[in-house]
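Contents: one structure, followed by commentary.
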Amino acid sequence: MAYNFKEIEKKWAKYWEENPVNVKDDKKEKYYCLDMFPYPSGAGLHVGHWRGYVISDAWSRYQVLKGKYVIHPMGFDAFGLPAENYALKMHVHPSISTDENIKNFERQLKQIEALYDWDMELKTTDPDYYRWTQWIFVKLFEAGLAYEKEFPINWCPSCKTGLSNEDVVDGCCERCGTPVTKKNLRQWMLKITNYAERLLKDLDKLDWPEKVKKMQTEWIGKSYGAEVDFKIDGVDDKITVYTTRPDTLYGATFMVLAPEHELSKKLATPDRKEDVENYIKTASMKTNVDRMAVSDKDKTGVWTGSYAINPLNGKKIPIWVSDYVLVDYGTGAIMCVPAHDARDFAFAKKFGLEIVPVIAPKDDIHRFDNGIEEAYTVADGVVINSDEWNGRDSSELKKSAPDEIEKKGFGKKTVNYKIRDWVFSRQRYWGEPIPIVHCSKCGNVAVPVEELPLKLPDVESYEPSGTGESPLVNIESWVNCTCPKCKGPAKRETNTMPQWAGSSWYFLRYIDKYNDKALVDREKADKYLPVDMYVGGVEHAVLHLLYSRFWTKFLYDIGVIGFDEPFHKLFNQGMILGPEGIKMSKSLGNVINPDEMIENYGCDTLRMYELFIGPPDMDAAWDDRGIEGVYKFINRLYNLIEKNANENREATKESLYLRHNLIKIITERLESFSFNTVISGFMEYTNSLIDLDRKEGYVDKETFKTFAILLSPFAPHLAEEFYHMLGCGGSVFDSTWPTYDMNLAKASTIKIPIQVNGKTRGFVEVDSEAEDKIVIEAAKKEVASKLTGDIVKEIYVKGKIINFVVRG
RNA sequence: GCUGGUGUGGCGGAACUGGUAGACGCCCAGGACUUAAAAUCCUGUGGGUAGCGAUACCCGUGCCGGUUCGAUUCCGGCCACCAGCACCA
674 MAYNFKEIEK KWAKYWEENP VNVKDDKKEK YYCLDMFPYP SGAGLHVGHW
724 RGYVISDAWS RYQVLKGKYV IHPMGFDAFG LPAENYALKM HVHPSISTDE
774 NIKNFERQLK QIEALYDWDM ELKTTDPDYY RWTQWIFVKL FEAGLAYEKE
824 FPINWCPSCK TGLSNEDVVD GCCERCGTPV TKKNLRQWML KITNYAERLL
874 KDLDKLDWPE KVKKMQTEWI GKSYGAEVDF KIDGVDDKIT VYTTRPDTLY
924 GATFMVLAPE HELSKKLATP DRKEDVENYI KTASMKTNVD RMAVSDKDKT
974 GVWTGSYAIN PLNGKKIPIW VSDYVLVDYG TGAIMCVPAH DARDFAFAKK
1024 FGLEIVPVIA PKDDIHRFDN GIEEAYTVAD GVVINSDEWN GRDSSELKKS
1074 APDEIEKKGF GKKTVNYKIR DWVFSRQRYW GEPIPIVHCS KCGNVAVPVE
1124 ELPLKLPDVE SYEPSGTGES PLVNIESWVN CTCPKCKGPA KRETNTMPQW
1174 AGSSWYFLRY IDKYNDKALV DREKADKYLP VDMYVGGVEH AVLHLLYSRF
1224 WTKFLYDIGV IGFDEPFHKL FNQGMILGPE GIKMSKSLGN VINPDEMIEN
1274 YGCDTLRMYE LFIGPPDMDA AWDDRGIEGV YKFINRLYNL IEKNANENRE
1324 ATKESLYLRH NLIKIITERL ESFSFNTVIS GFMEYTNSLI DLDRKEGYVD
1374 KETFKTFAIL LSPFAPHLAE EFYHMLGCGG SVFDSTWPTY DMNLAKASTI
1424 KIPIQVNGKT RGFVEVDSEA EDKIVIEAAK KEVASKLTGD IVKEIYVKGK
1474 IINFVVRG
């Protein structure tokens, strides 16, 4: 009989609905296995989403078989731009299209037959959910971690709307192609910088891919250096710069200020004023993309006409303005050491500024005596041209210079971070309203937490306001309100939160979603959290994961939860590419829909193929013929078990060996997350059992029962069917993960390759317990004809290999 | 530019801490069953040279070199592709 997946899968899906697997049981150890929840797009799920979900589900089911109660929830990150854009075009309220999409997602997700606890399902757009997102914002505001700031955003002058960085393609608006400019708008910011050090340090605690940790480390970007004060010649003011190379201070021959630096305009001498102002104006029109695209050679800049004094040698050095200096890093001003920095070097060459080398390679101290051809940027060398520092080791000086400068009184030792505060507001409709009221008397006042959720009002039109503000500004009845403090007339904040907000804490809410007293009950949080395993795409390596860590730490600080890292272990699955090896996309028409695969092959085949396709952390191209191979394998196995289902004879020695060896390899491969070789292991052992069946006439039932349990995390329907075909009662998921006997898992005889001078020349098959001497003698006999000369050395690695080194 | 990853048959990939390179699957070829085809089953399948043949030998894990009895694996130096970050002083 052929394997009728449609009937069988339907049967067990119904059975599990009536007899749920993995019911909550507090006597068991908990295991929280979380998928990154999806944005419910109109396109539905494709086979790439499936991959991560199958990995996490196989892992969850394995934990169930190891006796744990597994928390495995699913939900939707449902605020976001696509729904709003769809509303603009089709005049459908985002909540309506979002709900439709969610329905489709639910249907598709259920086809995976994962252990999701649908009672835990949540969506970020639900007022009962975003009530608590707003609550967290209020707490951040009260803690002084949320503040307003004028901030330049990407602005499309044609669409009259603000754009996210993702909406800007090659410096132009993604929708209309107009070059994007900057516009200053009032924004809400979150002080994630206050947590920079903890976010960096605590990475050590996490069992995450090194790659992700490294990306976060670089994003935070900690550096050690010094702030140095430069007096301005003839003016009673100073410029403070930040440098990581104070050891090169004697080589500082000019300075550069960012165009936005407050002194840039002030320091322009009357004859330079016009040039400087023009330069600053031009720079302000440029986009980030333009500013970054400039190569070293094309750097622009303008001299202010003023000079600063190098505090070490009293030399007058010119002060320039250039947009290669960023206003929001360090102090927005730099000292330039062209001899030892590639950018400063290019700038000095272009504008004919002085270049003084102050470090020379140890083995070639006179290398720069006759000039320098390119910047020598390594910190390893001998200090020259630096008076009292001459002759010192530059890498040593690099470390001690901040202290020495501090002692001399014109600077201090400093640490700097690249990470900036989080721009937390969006001028959009479809997001959580920021619960703040602007009162002319009281200033910014948070909406009292008892009044949350502050619901998103319905609007007539989703068109941007034109001023860059959210469409919400046009709803006067909503905007005009009373101040919670003085009860006077006030206005609501019209910015909404970014999509990152809802996803920064959702894992907390799953375990207590009906709680209307707190975002999560502390006792429950202590019992079920944090997340043990988090599975999702590497595209969230920085932002989402950093924001979640930030909010978790904040909630820990205010006592809501008792842990300060949300995700213990992280796994990033690789992408599924189209059959041509390129990213699947709607526009290329190479998207593979799982619905079709389910229809043709069934859930279990698709699950197994998603795992078999390649190493789970690596990208893999979809191949229709590959899934056929898995399908054939399942049929072969089904037929084999069907034939032996009523076999009551004893297990043979060979069968016992196969059984225990299978447990061993599947367990080992699964523990190391090598899902692709788990599946190939099943195929290999199925082939062996077919051979055994042919040889001995049967295979014992117990071996198949073990096989069924081992198979159940990957192909649950099939495993359950096998389990019952073999006459077992209950569910396969009530059993426990089998263990193996080391002695039985070992083969009785082993085949050892024999090498002569490192090349394989034959084999001996010996008893696995055979003595070394006997094995070597047998091997010698086997390759006697190839031992042309004296054996200089005999190497026998027990059970592995024999090598005869022959000379002559 | 920096950081990370990858490079193995016609293809996806396997090989534990250095020990038979190519498991498993796909493709392909031949055979069985069939009036025929599909499905299924069996056999073969890295390249080359010699032989009717079982077989024997040579080459082969991106390239060059090193360590070792032995290297896909370790070390040094390159190349290519992919991803992320990018004027962070």
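In terms of my numbering, the first sequence opens at residue 674 and continues consecutively.
No residue lacks a Cβ here, since even glycine has one placed at the ideal position from N, Cα and C.
Among all the DSSP beta bridges, which residues are the ones paired with residue i?
i: residue 902; result: 913
i: residue 896; result: 1089
For a quick check, are the C-beta atoms of residue i and residue j less than 7 angstroms apart?
i: residue 1427; j: residue 1383; result: no
i: residue 1417; j: residue 1329; result: yes
i: residue 1397; j: residue 682; result: no
i: residue 1522; j: residue 1177; result: The displayed coordinates of the chain run from 674 to 1481. Any statement about residue 1522 would go beyond what the structure contains.
i: residue 1257; j: residue 1263; result: yes
i: residue 1033; j: residue 920; result: no
i: residue 1379; j: residue 1411; result: yes
i: residue 722; j: residue 733; result: no
i: residue 1285; j: residue 1363; result: no
i: residue 1226; j: residue 820; result: no
What's the C-alpha gap between residue i and residue j?
i: residue 978; j: residue 1002; result: 24 angstroms
i: residue 1123; j: residue 753; result: 26 angstroms
i: residue 1006; j: residue 997; result: 10 angstroms
i: residue 1431; j: residue 1466; result: 12 angstroms
i: residue 1093; j: residue 926; result: 30 angstroms
i: residue 729; j: residue 1409; result: 19 angstroms
i: residue 1170; j: residue 1099; result: 6 angstroms
i: residue 1421; j: residue 1359; result: 20 angstroms
i: residue 1167; j: residue 1114; result: 19 angstroms
i: residue 1401; j: residue 1375; result: 10 angstroms
i: residue 909; j: residue 981; result: 11 angstroms
i: residue 1054; j: residue 1029; result: 15 angstroms
i: residue 1272; j: residue 726; result: 19 angstroms
i: residue 1020; j: residue 1184; result: 58 angstroms
i: residue 772; j: residue 1395; result: 39 angstroms
i: residue 809; j: residue 1407; result: 41 angstroms
What would DSSP say about residue i, mapped onto helix, strand or coil?
i: residue 1172; result: coil
i: residue 1206; result: strand
i: residue 879; result: coil
i: residue 1009; result: strand
i: residue 1443; result: coil
i: residue 860; result: strand
i: residue 991; result: strand
i: residue 1387; result: coil
i: residue 784; result: helix
i: residue 1271; result: helix
i: residue 1435; result: strand
i: residue 1298; result: helix
i: residue 1122; result: helix
i: residue 1422; result: strand
i: residue 807; result: helix
i: residue 793; result: helix
i: residue 1111; result: strand
i: residue 1244; result: strand
i: residue 1024; result: helix
Between the Cα of residue i and the Cα atoms of the options, which residue gives the shortest distance?
i: residue 1201; options: 921, 884, 703 and 811; result: 703
i: residue 1068; options: 973, 917 and 783; result: 917
i: residue 1346; options: 898, 1243 and 1020; result: 1243
i: residue 713; options: 915, 879, 781 and 707; result: 781
i: residue 1082; options: 1372, 903, 758 and 1210; result: 903
i: residue 924; options: 931, 893 and 1008; result: 1008
i: residue 1105; options: 806, 724, 952 and 785; result: 806
i: residue 1475; options: 740, 1437 and 888; result: 1437
i: residue 1151; options: 1172, 957, 1241 and 1109; result: 1109
i: residue 1278; options: 1300, 1259 and 1268; result: 1300
i: residue 1147; options: 1119, 1102 and 1121; result: 1102
i: residue 914; options: 934, 906, 907 and 952; result: 934
i: residue 1061; options: 818, 1305, 1077 and 1371; result: 1077
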